[in-house]
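In this note's numbering, the protein residues as written are 1103 to 2039.
See below:
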């Protein structure tokens, strides 16, 4: 069936192929056969680890110049045209100048790529609707901490030469994702002109919510010289960025029925909120919490890259490079909240048109409703160190590439949370679908409580937790290319192997304290740092929001020693836990792992003529993955254990192999028109956290509940069919139309399921529930991508300097077979997949002056899957962004720029259910205005 659909796509593209082919052929000399030249050139090309895309080799006088928009688009088109795979690229317009401020934002302009935007920046890249994107730096697999990739937002745009998005893979490329690979190409010294090069940039970004300016700076110093031992290049490239952000939001979360029913009989428990609801409304779905909120902070990112290149002669060269990418974030998040369904009585219920979803409720409790302030302060840090050595030898008919990498990294965070409760707050009303905010969002009435009086606040709970992960990885690979012929079917043979070993560990601990004075929550004014409490409120145009007190996170950290002492005095039950500086380890969240992979591949570069010249590459990659994960099983003490906790070490082991074939073919209808076909298989390994063999066995529940990792998780495996019709013309001109079908198995989802026998968890013969990650059923993705770009060279005078680009992605199907008992709208929507994505841009480009206006649109998408009420899974609404930039180069060595983002002030709206059963809320995002100067000598 998939083959039939694939053939329908490719045959449907043939009409355009014939039209373009005929037009282009009329402009070409007869008998042109590009295939032999293309194949000969690629016959002894470096393996993908060394040269991810067949980039053009510049002459010796290559300079870091202002490419400008036209040259940037032209080089990106050349990369796509000459690549063996289906790949899209973004090329830096200048030193330190991608089209956007960070890598995810730049990638959002690429056909088939979608991103989220939070906290002032783009993040969470997906390719053709799938996450888990593999990240490589200069073709080498790179990961951070316990993750299998790196955060692309942490890579400064100022360091990059280009970014490549691989949608298909050849056998010589490292495996690791079923969605695709993003390769970040850093600059190297032999890219520079002869002699000394100095280049850099400074930039200030002003955002209109925080009213702060974020500084960015970069500096490149490098040189390239001829010496008695050959050509030597040295480069040092560093950057520092600080991104300030401030976002306001009004939201609700987790819709479900009110509490509580007996889990065995299903009967309503007396004196619970559910018992106060009329029987005909007891199935009403009510959000767990609604709140006003604000989030502010900053992210500092220092980075450095150092490279030495030595080209001994035309046959032999070496590369030695090392890099550092760091991140430091401080994040303060505030929520003024009400939990309307968890205690007291629920009255004044208004339901929506569906007769089930609450639009408004009132929560009453003479002892106080669950309302207050949730204040969170986080500090995050990460450090990634990379090293890479390469040796390349080129003979007349053979080439050998060898390389080795050793990377190490760590990341961690410290989190403090303070929950305040209001005194004498006996009633609150929530309108979950208020028209106070256009499009709908929650509105809360707290009755007569004076939120500006600090005496009305008590500290109900204080929590801190600390996490840390470390990673060390070594990889080595050798690739051999043999040129077999310049004219026969088999042009060259490539083969090689790769070995990697990786050690990762994670530690985590948390603790809660409940300070009480005279049996009630401790007064906020008496809590350490309470004398520095301040009033805050989200500032939203046209919306009236209340003010509330909170202690700033920095104040909490300055007083953390006094807070620990205070909790020891006011909560004796938690005194031992707060005796140490940081929380003790939670064994269930702590693990160590070792993973090893061995891969070997062989592929043939071929070329022949069958009516039209055809060339390509066909190969297979064999991989063996093996390793172990160690964690703990924990069972709290009960009567059967004499009250003693049971803790035992748990180990999970795995060993599996994959055979990954790949076939790529390019049909050259003319030198300007080509059809690219690809078949590939891929594998994506589960995350270490999900694989941990931990189990927390809660025997005090009836029936028992087990919260566990899952060392039996299977890798996700995918098969892709791709076709891409491409027409290249003029200066930077191209039109492409692509279609794809992706099928995969092993997607992950988290669920609670009933298990008949819990022997595995130390409870033989007993039934109960197990909550863990599981593999879902099969998934299918089908889509079409179209793009066009050109400068208007056919126009007279200055009009020829105008250009435009546009692309469109249609994801016709994105379905994963989750094990739900019944179908409903959106039941099988895969999280993160938008049906439509559109980009459009208009350019004007001359050596002195250039400008760009760009628009990005993404249709709605599911955020994640709710297990208990999947029809209420949260969705992100349509998002759009209009950006503009102006560049002026008054002298050859300097460019001045003025840029603006989110010029229309678009916000991020969310809702529950594909049918928009209830607004989740809105997050208000900032506009930015930035000025920069770039120099080069």
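The beta-carbon is built from N, C-alpha and C at its ideal position, and this holds for glycine as well.
Which term fits residue i, buried or exposed, when burial requires 16 or more other beta carbons within 10 angstroms of its beta carbon?
i, result
"residue 1991", "buried"
"residue 1974", "buried"
"residue 1771", "buried"
"residue 1327", "exposed"
"residue 1380", "exposed"
"residue 1644", "exposed"
"residue 1638", "buried"
"residue 1693", "buried"
"residue 1622", "exposed"
"residue 1901", "exposed"
"residue 1897", "exposed"
"residue 1755", "exposed"
"residue 1143", "Confidence at residue 1143 is low in this model, with a pLDDT of 36, below 50, so its placement is unreliable and no value can be given for it."
"residue 1455", "exposed"
"residue 1348", "buried"
"residue 1717", "buried"
"residue 1148", "Confidence is the limiting factor: at residue 1148 the pLDDT is only 39, short of 50, which leaves the residue's position unreliable and the question unanswerable from this model."
"residue 1681", "exposed"
"residue 1769", "buried"
"residue 1808", "buried"
"residue 1938", "exposed"
"residue 1324", "buried"
"residue 1479", "buried"
"residue 1762", "buried"
Could you give the first and the last residue of the continuous alpha helix (DSSP H) run that contains residue i?
i, result
"residue 1263", "Unbroken run through residue 1263 is the beta strand (DSSP E), 1262-1268; no alpha helix (DSSP H)."
"residue 1180", "1170-1184"
"residue 1229", "From DSSP, residue 1229 is part of no alpha helix (DSSP H) but of the beta strand (DSSP E) over 1223-1229."
"residue 1205", "1205-1209"
"residue 1664", "1662-1672"
Which of the three DSSP states, helix, strand or coil, is assigned to residue i?
i, result
"residue 1836", "strand"
"residue 1773", "coil"
"residue 1458", "coil"
"residue 1415", "coil"
"residue 1992", "strand"
"residue 1552", "coil"
"residue 1365", "coil"
"residue 1756", "strand"
"residue 1379", "coil"
"residue 1656", "helix"
"residue 1792", "helix"
"residue 1606", "strand"
"residue 1395", "strand"
"residue 1863", "helix"
"residue 1633", "helix"
"residue 2007", "coil"
"residue 1899", "helix"
"residue 1683", "coil"
"residue 1626", "helix"
"residue 1876", "strand"
What are the start and end residues of the beta strand (DSSP E) that includes residue i?
i, result
"residue 1648", "Element bounds for residue 1648: n/a, residue is neither H nor E."
"residue 1371", "It is not in any beta strand (DSSP E) - residue 1371 carries neither H nor E in the DSSP assignment."
"residue 1540", "Element bounds for residue 1540: n/a, residue is neither H nor E."
"residue 1511", "1500-1524"
"residue 2032", "2030-2038"
"residue 1940", "1938-1947"
"residue 1239", "1236-1239"
Would you grab the beta carbon distance between residue i and residue j for me? Rounded to a whole angstrom, and I think it's under 8 Å.
i, j, result
"residue 1246", "residue 1252", "5 Å"
"residue 1281", "residue 1191", "Not quite, the Cβ-Cβ distance comes to about 17 Å (not below 8 Å), so this is no contact."
"residue 1941", "residue 1963", "16 Å between Cβ atoms; not a contact."
"residue 1369", "residue 1784", "Their Cβ separation, rounded to whole angstroms, is 50 Å, which puts residue 1369 and residue 1784 out of contact at 8 Å."
"residue 1789", "residue 1817", "About 11 Å separates the two Cβ atoms, so there is no contact after all."
"residue 1906", "residue 1892", "7 Å"
"residue 1544", "residue 1354", "5 Å"
Original post:
Unbroken beta strand (DSSP E) runs of length 3 or more, entirely within the region 1246-1333: which are they?
Top reply: Runs of the beta strand (DSSP E) lying entirely within the region 1246-1333 and spanning at least 3 residues, in chain order: 1262-1268, 1283-1288, 1297-1309, 1314-1329.
**OP:** Taking only runs that begin and end inside the region 1421-1455, name each unbroken alpha helix (DSSP H) of 4 or more residues, in chain order.
**Re:** Under the rule that a run must span 4 or more residues, no alpha helix (DSSP H) segment is found entirely inside the region 1421-1455.
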